[in-house]
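Data first, discussion second: the structure below is written as C-alpha cells.
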Amino acid sequence: MANALSAIKKGVVLRAASVAYEVPYSTLNDKRDGKSQIGAKSGGKSVLSMEEENLPGRHWLDAFMKRHSSELAARVPQNLSQRRTDVTEVKLRAWFQEVELHLKNKNVQDVDGNRVFNCYETAALLNP
11 MANALSAIKK
21 GVVLRAASVA
31 YEVPYSTLND
41 KRDGKSQIGA
51 KSGGKSVLSM
61 EEENLPGRHW
71 LDAFMKRHSS
81 ELAARVPQNL
91 SQRRTDVTEV
101 KLRAWFQEVE
111 LHLKNKNVQD
121 VDGNRVFNCY
131 ETAALLNP
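Going by our numbering, 119 is the number at position 109 of the sequence shown; the sequence numbering is gapless.
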C-alpha cells in the first residue's frame with residue numbers, strides 16, 4: 011500500500027499503481043484522497059487493546075493441556091543439587107568452552123545453531 015501511494019506521488023497513474031501493486035483501485039483512491047488512513051481497519055472499534063489481543067484467554071491452558079495430553083507428563087519437582095545452585099558466570103563460560111572444544115574434537119562444531127539437542131536422562135554432565 012505504501013509503495014503504491016509513493017508511486018502515485020512520483021507521477022504513476024492511479025490505475026497503473028493499482029494493477030502494479032495489486033491494491034484495489036477504490037482503496038488506493040480513498041487512501042490517496044485521505045478518506046481513510048493507512049493501516050486503519052474498517053468496522054467498529056476493538057474492545058481489546060493490541061497488547062490484550064495477543065494474550066492467551068482464560069481457558070487457554072486447559073485447551074493446551076487437552077491438545078497435548080499425550081505429549082505431557084506430570085512430574086514431581088525436585089530440589090536443586092548444591093552444584094546447580096552455586097553456578098557462576100566464570101564456571102558457566104568455562105563449561106561452554108569445554109563443550110566447544112569437545113565439539114571441535116568430534117568435528118561437529120558446524121552443526122546448525124537452530125537445532126535442539128535433548129540430553130535428558132543421558133550421561134552428559136550438564137553442571138558446569
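Glycine residues also receive a C-beta, built at the ideal position from the N, C-alpha and C atoms.
Can you round the beta-carbon distance between residue 12 and residue 38 to whole angstroms, since I take them to be within the 8 Å contact cut? Position 2 of the sequence shown, counting from 1, holds the residue named residue 12. Position 28 of the sequence shown, counting from 1, holds the residue named residue 38. With 8 Å as the limit, residue 12 and residue 38 do not qualify as a contact, their Cβ atoms being about 11 Å apart.
Assuming residue 127 is part of the alpha helix (DSSP H), what are its boundary residues? Here residue 127 refers to the residue found at position 117 of the sequence shown. Here residue 127 belongs to no alpha helix (DSSP H), and DSSP marks it neither H nor E.
Out of 43, 17, 44, which one is the CA nearest neighbour of residue 32? For the purposes of this step, residue 32 is taken as the residue at position 22 of the sequence shown. Measuring from the Cα of residue 32, the nearest candidate turns out to be 17.
Alpha carbon to alpha carbon, how far is residue 27 from residue 51? As a first step, residue 27 must be located in the sequence shown, where it is residue number 17. As a first step, residue 51 must be located in the sequence shown, where it is residue number 41. Residue 27 and residue 51 have their C-alpha atoms spaced approximately 22 Å apart.
Let's test the definition: count the other Cβ atoms within 10 Å of the Cβ of residue 41 and tell me whether it reaches 16, buried, or not, exposed. Taking the sequence shown and counting its residues from 1, one reaches residue 41 at position 31. By the neighbour-count rule (16 or more Cβ atoms within 10 Å), residue 41 is buried.
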